[in-house]
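Structure record follows, encoded as structure tokens.
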Amino acid sequence: MDGYEATERILLDSNLKIQAIPIIAMTANVIEGERDKCLAVEKWIVHPEAKPLESGTYMEKPAIAPLEPVDKVAKAHILIVEDNSINQKVMTLTLEKLGYSSELAANGVEALKLLDKKKYDIILMDCQMPEMDGYETTSNIRKWPNAKIANLPIIAVTANAFSDDKDRCLAVGMDDFMVKPINAQNLARMLEKWKDKQKASTALDHSVIENLRTLEKPGSTELVDGLITLFNDVSSQSMARIKLYIEENNFNGLAEEAHSLKSSSANLGAIVFAELCAEIEKIGNHLMSSTHLEATFKELEKELVTVILELSKFKGSN
1 MDGYEATERI LLDSNLKIQA IPIIAMTANV IEGERDKCLA VEKWIVHPEA
51 KPLESGTYME KPAIAPLEPV DKVAKAHILI VEDNSINQKV MTLTLEKLGY
101 SSELAANGVE ALKLLDKKKY DIILMDCQMP EMDGYETTSN IRKWPNAKIA
151 NLPIIAVTAN AFSDDKDRCL AVGMDDFMVK PINAQNLARM LEKWKDKQKA
201 STALDHSVIE NLRTLEKPGS TELVDGLITL FNDVSSQSMA RIKLYIEENN
251 FNGLAEEAHS LKSSSANLGA IVFAELCAEI EKIGNHLMSS THLEATFKEL
301 EKELVTVILE LSKFKGSN
């Protein structure tokens, strides 16, 4: 019985005292679809470092606060894929004001050519375009043999605000969703969110391990050492199952296994590894392209080697 069914049963219990017990969801999932499944849950606790989508990200009214440029050193290079000349101008100027550099592609064909030649950090993708629309373009990007390109954050920018449109964007592999006209403050928050994920350069967030250290008995390293050993064993077994599920095209098993490994790794501060697990989970849930799946799994295997090496440095130290 999962948490959703358990919550339902509690709220349907004839005992009013049981119904009144506060229920707090603890999950590694932070997408809006998972929130919808927890409508009866009163509060959320998200696992370490997971960042939820902004509430009403694509339906908020324009903010009044002035734009503040991001740190020039930490700015990202954005590929704008948009065919409308007015929208191109507005988005380019807005990004410039926020401190980001950008380049334009008028359709998916142009976007793919640019990706083959240049490096970008985030893609803003219009959905309806001539020659090749945003859905097909995203699908092609997710099949890219280079995992760094295949896993680039892609944010849908569309005039359609219906949930079906958002679902379609996520199903083809887009990471997030905004509705035109673009609100500058929302765009700033969206880019900060995905820039932080894309720029993650270390295998481990050491602060997570340090927080675990505070739970140790004075002078002991038993807890953290045990968790690291357990993770090494669990991750090895989990990776073997994921590989098997890929070979068998077992997408349900793939999504479940990736979800479990995502949660375990995030709790030890392996944020980059956890994000790759989340990508594989999403592929499993949406039955996405096997080419993208294989590239992401190879990236996951390489990242696991780095994570295990980094974790080993914490064993026996306090």
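At the far end of the sequence shown sits residue 318, using the working numbering, and the numbering has no gaps.
Don't be surprised by glycine CBs; every beta carbon is placed ideally from N, CA and C.
Within 10 angstroms of its Cβ, does residue i collect 16 or more other Cβ (buried), or is it exposed?
i: residue 228; result: buried
i: residue 240; result: exposed
i: residue 320; result: Examination of residue 320 is not possible in this model, given that the chain is present from 1 through 318 alone.
i: residue 238; result: buried
i: residue 158; result: buried
i: residue 257; result: buried
Might you give, ordered along the chain, the residues of its own chain that have their beta carbon closer than 6 Å to the beta carbon of residue i, omitting 5 neighbours on each side?
i: residue 265; result: 273, 274
i: residue 212; result: 224
i: residue 122; result: 76, 78, 153, 194
i: residue 244; result: none
i: residue 117; result: none
i: residue 150; result: 142, 144, 292, 295
i: residue 106; result: 83
Cα-Cα, which of the options is closest to residue i?
i: residue 248; options: 136, 80, 287; result: 287
i: residue 91; options: 117, 208, 183; result: 183
i: residue 263; options: 251, 235, 285; result: 235
i: residue 148; options: 222, 187, 276, 210; result: 276
i: residue 220; options: 250, 260, 174, 317; result: 317
i: residue 160; options: 173, 177, 150, 278; result: 177
i: residue 127; options: 89, 179, 143; result: 179
i: residue 301; options: 174, 95, 242; result: 242
i: residue 270; options: 209, 86, 285, 291; result: 209
i: residue 140; options: 278, 304, 1, 174; result: 174
i: residue 109; options: 254, 83, 10, 306; result: 83
Assuming residue i and residue j form a contact by the criterion Cβ under 8 Å, report the distance between their Cβ atoms to the nearest whole angstrom.
i: residue 295; j: residue 130; result: With 8 Å as the limit, residue 295 and residue 130 do not qualify as a contact, their Cβ atoms being about 29 Å apart.
i: residue 112; j: residue 103; result: So it is not a contact: roughly 13 Å between Cβ atoms.
i: residue 188; j: residue 98; result: 5 Å
i: residue 232; j: residue 308; result: 6 Å
i: residue 191; j: residue 311; result: Incorrect: roughly 31 Å between the Cβ atoms, too far for contact.
May I ask you to verify whether the region 167–174 touches the region 129–147, counting CB pairs closer than 8 Å and requiring at least 3? A contact between stretches requires three or more CB pairs, one per stretch, nearer than 8 Å, and the region 167–174 meets this requirement with the region 129–147.
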